[in-house]
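Working notes, structure below.
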Amino acid sequence: MASDFLDKAYRQVVSDWQARNISSREDLAAALDDYRIRFAYNSGHIENPQISYHDTRAVFEDGRVVGFTGDPRTLFEIQNLKECHEVLLDAFAVHRKLDEDFVLECHRTLTQGTYDERRWRAGERPGSYKRGDYVVGSGDVGATPDEVPQEMSALIDEVSQAEPTKPLVLAAYFHDVLENIHPFADGNGRCGRALMNYLLVCLNNPPIIVFEDDRMSYYGAIEAWDTDKNLVPTLTFLKVEAVKTWGSRRG
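If you want it as structure tokens, here you go:
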């Protein structure tokens, strides 16, 4: 019964989105005017609790934060989220396909100026696949650096060639496999969530905020894919988050 209710609510969210008839950059920008700040705050805060909604809104609306005394990297991360939003709008406008160059550009935009000294000394760079192994999840390191290019190429080809009949399944699959590969030294989560939503809007489906207060459920869904190749928890989680994102913002 709960599953039926969720499916119905999600279908309504998709229907409301599609009723907007979004076909241009301007249409999409208008539809995402409120969403963009909420998405940036939540996506950034999941991995960096120093990111606040107040500071995110200030960067997006005013281009600066007055009286900020925290780690400067936090402001870089917020500014990068703002710039990535513009990159994705530009890509939508020209119907840019998801390819390796686009994945790397998205990652570079999201992480420029944010790599710490340890990663930088190890040769890691924004917009490049990782050169070393980094602990993720319960201790796994994802694909090895040597495996990453081939695995990412296979993922991108698979998603690009798939029939777009089930947009949420396709976007969720791309997200979970990318997080499992863990192709970058940092910024995998932000990059995966941004590209997942790019796939959704390109397939005329609403983008989804992964809310920071739901991050444990989010990690649990990813873990289900990592351990059992079970996509159902991610699909259920994303439907819940989609209703939470758009359910009270109809029309």
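First residue of the sequence shown? That's 1 in the numbering used here, and the numbers climb one at a time after it.
Every residue, glycine too, gets a C-beta built ideally from N, C-alpha and C.
For G192, the uninterrupted alpha helix (DSSP H) segment begins and ends at N188 to C202. Per DSSP, the unbroken alpha helix (DSSP H) holding V243 starts and ends at V232 to W246. Remark: C-beta atoms of G247 and V13 approach each other more closely than 8 angstroms. Setting aside the 5 residues that flank it on each side, N197 is surrounded in the same chain by F39, L88, A171, P207 and I208, each with a C-beta closer than 8 angstroms to its C-beta; the list follows chain order. In the same chain as R36, and ignoring 5 residues on each side of it, the C-beta atoms closer than 6 angstroms to its own belong to H85, in chain order.
Taking all protein chains in view, the Cβ of Q161 is surrounded by fewer than 16 other Cβ atoms within 10 Å, so the residue is classified as exposed. DSSP places K97 outside both helix and strand once states are collapsed to three, so it counts as coil. L178 has its alpha-carbon roughly 13 angstroms from the corresponding atom of D157. In the structure shown, the three-state DSSP call for K8 is helix. For P167, the closest C-alpha among the options L200, M152, L155 and S153 is that of L200. Under a 10 Å Cβ-count criterion, K229 is classified as exposed, with fewer than 16 other Cβ atoms of the shown protein chains found around its own Cβ.
Boundaries of the alpha helix (DSSP H) harbouring S217: R215 to D228, taken from the DSSP string. Annotation note: the segment 53-109 contains no uninterrupted beta strand (DSSP E) run of length 3 or greater. By the neighbour-count criterion, in which a residue is buried when 16 or more other Cβ atoms sit within 10 angstroms of its Cβ, P126 is buried. For W225, the number of other beta carbons within 10 angstroms of its own is at least 16, and it is reported as buried.
Here G142 is not near I46, since their CB atoms are 8 angstroms or more apart. Looking at the backbone, the Cα of S3 and that of A9 are separated by about 10 angstroms. Residue state for G44 is assigned as helix, using DSSP reduced to three classes. Under a 10 Å Cβ-count criterion, Q79 is classified as buried, with 16 or more other Cβ atoms of the shown protein chains found around its own Cβ. For R118, the closest alpha carbon among the candidates E105, D133, T109 and P164 is that of D133.
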